[in-house]
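The structure under discussion appears below in the form of C-alpha cells.
Protein chains: 2
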Amino acid sequence: MAVTDEAIEKIKGMIVSGALRPGDRLPKESELAAGLGLSRNSLREAVRALSLIRILDVRQGDGTYVTSLDPQLLLEAMSFVVDFHRDDTVLEFLAVRRILEPAATAMAALRISEQQLDALGAQLDKLGDTPSVEDLVACDLEFHRGIVRSSGNSVLCSLLDGLSGPTTRARIWRGLTQEDAVARTLREHRAILAALRDRDAEAARSWATVHVASVEQWLRSTL
Amino acid sequence: MAVTDEAIEKIKGMIVSGALRPGDRLPKESELAAGLGLSRNSLREAVRALSLIRILDVRQGDGTYVTSLDPQLLLEAMSFVVDFHRDDTVLEFLAVRRILEPAATAMAALRISEQQLDALGAQLDKLGDTPSVEDLVACDLEFHRGIVRSSGNSVLCSLLDGLSGPTTRARIWRGLTQEDAVARTLREHRAILAALRDRDAEAARSWATVHVASVEQWLRSTL
DNA sequence: TGACCTGATACGTCGGAGGTCTTGAGCGCA
DNA sequence: TGCGCTCAAGACCTCCGACGTATCAGGTCA
Numbered sequence: 297m298a299v300t301d302e303a304i305e306k307i308k309g310m311i312v313s314g315a316l317r318p319g320d321r322l323p324k325e326s327e328l329a330a331g332l333g334l335s336r337n338s339l340r341e342a343v344r345a346l347s348l349i350r351i352l353d354v355r356q357g358d359g360t361y362v363t364s365l366d367p368q369l370l371l372e373a374m375s376f377v378v379d380f381h382r383d384d385t386v387l388e389f390l391a392v393r394r395i396l397e398p399a400a401t402a403m404a405a406l407r408i409s410e411q412q413l414d415a416l417g418a419q420l421d422k423l424g425d426t427p428s429v430e431d432l433v434a435c436d437l438e439f440h441r442g443i444v445r446s447s448g449n450s451v452l453c454s455l456l457d458g459l460s461g462p463t464t465r466a467r468i469w470r471g472l473t474q475e476d477a478v479a480r481t482l483r484e485h486r487a488i489l490a491a492l493r494d495r496d497a498e499a500a501r502s503w504a505t506v507h508v509a510s511v512e513q514w515l516r517s518t519l
Numbered sequence: 297m298a299v300t301d302e303a304i305e306k307i308k309g310m311i312v313s314g315a316l317r318p319g320d321r322l323p324k325e326s327e328l329a330a331g332l333g334l335s336r337n338s339l340r341e342a343v344r345a346l347s348l349i350r351i352l353d354v355r356q357g358d359g360t361y362v363t364s365l366d367p368q369l370l371l372e373a374m375s376f377v378v379d380f381h382r383d384d385t386v387l388e389f390l391a392v393r394r395i396l397e398p399a400a401t402a403m404a405a406l407r408i409s410e411q412q413l414d415a416l417g418a419q420l421d422k423l424g425d426t427p428s429v430e431d432l433v434a435c436d437l438e439f440h441r442g443i444v445r446s447s448g449n450s451v452l453c454s455l456l457d458g459l460s461g462p463t464t465r466a467r468i469w470r471g472l473t474q475e476d477a478v479a480r481t482l483r484e485h486r487a488i489l490a491a492l493r494d495r496d497a498e499a500a501r502s503w504a505t506v507h508v509a510s511v512e513q514w515l516r517s518t519l
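Spelled out as C-alpha cells, the structure:
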C-alpha cells in the first residue's frame, strides 16, 4: 500500500478511534508528516483527499481541522459522486427517491411544526400561479427539503438532498416540454401541504408518491 | 479557488461532459499538469482525491484511468464516509434502511429468478440452526445483498450496502447479548425467502420491515 | 516456441524554496 | 479607555527537480 493511502487510513483511524474529535485541529503539515513517517508532499495528497469528502477542513493560513462530521456533510460528498452518474442511471436514482420521499413526507406529517407549515405555505404563495420553470424547480427543491428536514432524520435528509440533484435537470426539461407540468406540480405541492396540515401521514405519503411518480413516468416515456 | 480544486473541477467536467469516458486513460501526469496549467504535485493531489472516491483508478507503472463509474462504486466511497458516523447516528442509518430494505425486498419478489431463490435457500441451509454470531451476521449481509441485487436497481443496492455497514457492529452486539436473536433472525430469513418464493411482494415487504425493526427496536431500548 | 532479460514509460516519494493567507500582538490616535 | 491600523509569525499553497519503483513491450537466447 502506498504511503499516502496509509496516511489516509491512519488519519481515518485517529478520527474513528476518537483520538481526533470533530472540530479538533491537526498538527501542522510538517509535524504530522514527520509523525506519520512520510513527506509533506505525500501527506498533502492524503489531506486533500479527505478534504474532498468533507472529513477535513483545510484553512490556508490557519490550520487543518476535523469537520463536524455531520451526516449533512455526507450529502455534499455524495452529491459530488452522484454528479458523475448522468442520464443512464437517473431513473434508478429517481426510483430510490420515490421510495424515500413518501416515507420522509409521512414522517414529517407527524412532527412538523406550525411555523414550518406556515413557512412552506408562504413559499408556495410567493411563487404565484405562473412561475418560470427555473423558479419552480428551485422552489420544488426547497419545498421538499423543508419537509424532509421535518422528518427528524438527518441521514434521510442528506440522502434525499443528494438524490434530488441529478434529477433536477430532468425536471427542468420536463417543465419546458410538458404542457401542464407546471400547473400539476403546483397542485401537488398544495395537496402535500394540506395533508401535512391535517397531520394525515397516509395522505401525505400518497401525494408524495404521486408527485415523484409523475416525474418518473414522464421520464420513462421520454427516454 | 485553489489550483488543485480547479483541477478537480476540470477533470470532473471532462468526465461529465463525456470528453473522458469510463475506462479511458488520462494523459500522463506531466502532460495533464501542463495542460491544466499547474504543477505535477498539485495535480497529483487532485488525482488522489478523485481516486479516493473511485472516480479515477491509478495504476503505478501503467497510467491513470477513469473507472467504470458504476453506481456500485458509489457505495464504496459512501461506506468510507459512513465509517465516520458511529454510535450516535446509527439509529438514523437504521431508520433509512428500514425504509429502503422492505421496498427493495418487495421489488425483488416480482423479479427474482428461480436460481437466485435456490441460491438463497442453499445459503440458509448451509448456515445450520446454531451458527456463530459472526457467521450469522456475515450471512445476514450476504442474504440481504442477494435479495436487493434482485431488485434490479443498482443505486438502491449500493445505498443499502453502504447503510448496512455501520449497523453490522450493532447486530453482532445484539446477537451476543440478546438470547433469542439468532433463532429469530433465522426464522425471519426463512419467512422472507418463503414470501419471495410465493412472489408475494406485500408479505416480503412486511417480513423485511419486521426484520429490520427488530434490530432497531432492540438498539433503541439499549442506548 | 517459450522463458527470460532489458529498456522505455508512468506513477510514487522526497526535500527544499518561495508565495500567499490568516491571525493576533503591538502600537498610535481620538 | 477604546478603536483601528500595522506588521510579523505561523500555516497552508505551489512549484521544481531528482530519484525510486512498478508495469509493459520487445528483443534475446536456449
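Chains as they are written, first to last, in our numbering: chain C, 297 to 519; chain X, 297 to 519.
Ideal Cβ placement from N, Cα and C applies to all residues, glycine included.
- Of the candidates C:Trp514, C:His507 and C:Ser517, the residue whose Cα lies closest to the Cα of C:Ile395 is C:His507.
- Counting every other CB atom within 10 Å of its CB across the protein chains shown gives X:Arg344 a total of 16 or more, marking it as buried.
- Listed along chain C are Ile311, Val312, Ile351 and Leu365, each with a C-beta nearer than 7 Å to that of X:Phe380.
- X:Leu352 has X:Val362 as its beta-bridge partners, per DSSP.
- Rounded to the nearest whole angstrom, the C-alpha separation of X:Ser446 and X:Ser409 is 8 Å.
- Excluding five sequence positions before and after X:Val511, the CB atoms of its chain that fall closer than 8 Å to its own CB belong to Leu390, Thr463, Ala466, Arg467 and Arg470, given in chain order.
- Straight through space, the alpha carbons of C:Arg407 and C:Leu416 are spaced by roughly 14 Å.
- Proximity of chain X to C:Leu396 at the Cβ level (cut-off 8 Å) is accounted for by Val392, Ile395 and Leu396, in chain order.
- Beyond the five residues adjoining it in sequence on each side, C:Ala342 comes within less than 6 Å, by CB distance, of Thr300, Ala303 and Ile304 in the same chain, given in chain order.
- Within the DSSP secondary-structure output, C:Arg321 pairs in a beta bridge with C:Tyr361.
- Residue burial is scored here from C-beta neighbours: C:Glu438 has fewer than 16 other C-beta atoms within 10 angstroms and is therefore classed as exposed.
- If you draw a 10 Å sphere on the C-beta of C:Asn337, you find fewer than 16 other C-beta atoms in it, and that means exposed.
- Assigned with DSSP and collapsed to three states, C:Gly461 falls in helix.
- Selection C:Ala479, C:Val444 and C:Tyr361 evaluated against C:Leu432 yields C:Ala479 as nearest (Cα-Cα).
- Within the region 444–457 of chain C, the residues whose Cβ lies closer than 8 Å to some Cβ of chain X are Asn449, Ser450, Val451, Leu452 and Leu455, listed in chain order.
- In this structure, C:Leu459 lies away from C:Val354, with their beta-carbon atoms at least 9 Å apart.
- With a cut-off of 8 Å on Cβ pairs, the region 322–338 of chain C is in contact with the region 352–369 of chain C, counting three or more such pairs.
- Going by C-alpha positions, C:His381 is about 27 Å away from X:Gln356.
- It is roughly 53 Å from the alpha-carbon of C:Gly424 to the alpha-carbon of X:Leu413.
- Residue state for X:Ser446 is assigned as coil, using DSSP reduced to three classes.
- Against chain C, the CB of X:Leu346 has a partner CB under 9 Å away; the residue lies at that interface.
- If you draw a 10 Å sphere on the C-beta of X:Leu365, you find 16 or more other C-beta atoms in it, and that means buried.
- About 13 Å separates the Cβ atoms of C:Ala402 and C:Leu456, ruling out a contact at the 8 Å cut-off.
- C:Val386 and X:Arg486 have their C-alpha atoms spaced approximately 34 Å apart.
- Scanning its chain for C-beta atoms nearer than 7 Å, with the 5 sequence neighbours on each side dropped, one finds around C:Arg495 the residues Ala405 and Leu406, in chain order.
- The C-beta of X:Lys324 comes no closer than 9 Å to any C-beta of chain C.
- DSSP, reduced to helix, strand and coil, places C:Ile307 within a helical segment of the structure shown.
- For the pair X:Arg516 and X:Gln368, the Cα-to-Cα distance works out to about 30 Å.
- Taking the C-beta atoms as reference points, C:Leu452 is found nearer than 9 Å to X:Val392.
- Taking 9 Å as the CB threshold, X:Ala399 lines the interface with chain C.
- Check the Cα spacing between C:Ser428 and each of C:Glu397, C:Thr473 and C:Pro398: the tightest is with C:Thr473.
- Rounded to the nearest whole angstrom, the CA to CA distance from C:Leu371 to C:Val444 is 14 Å.
- DSSP, read as helix, strand or coil, puts X:Arg495 in coil.
- When the Cα atoms are used, C:Leu489 and C:Ala500 turn out to be separated by approximately 8 Å.
- Listed along chain C are Leu370, Ala373, Met374 and Val377, each with a C-beta nearer than 9 Å to that of X:Met374.
- Under the DSSP assignment, X:Pro367 falls in the alpha helix (DSSP H) whose first and last residues are Pro367 to Val378.
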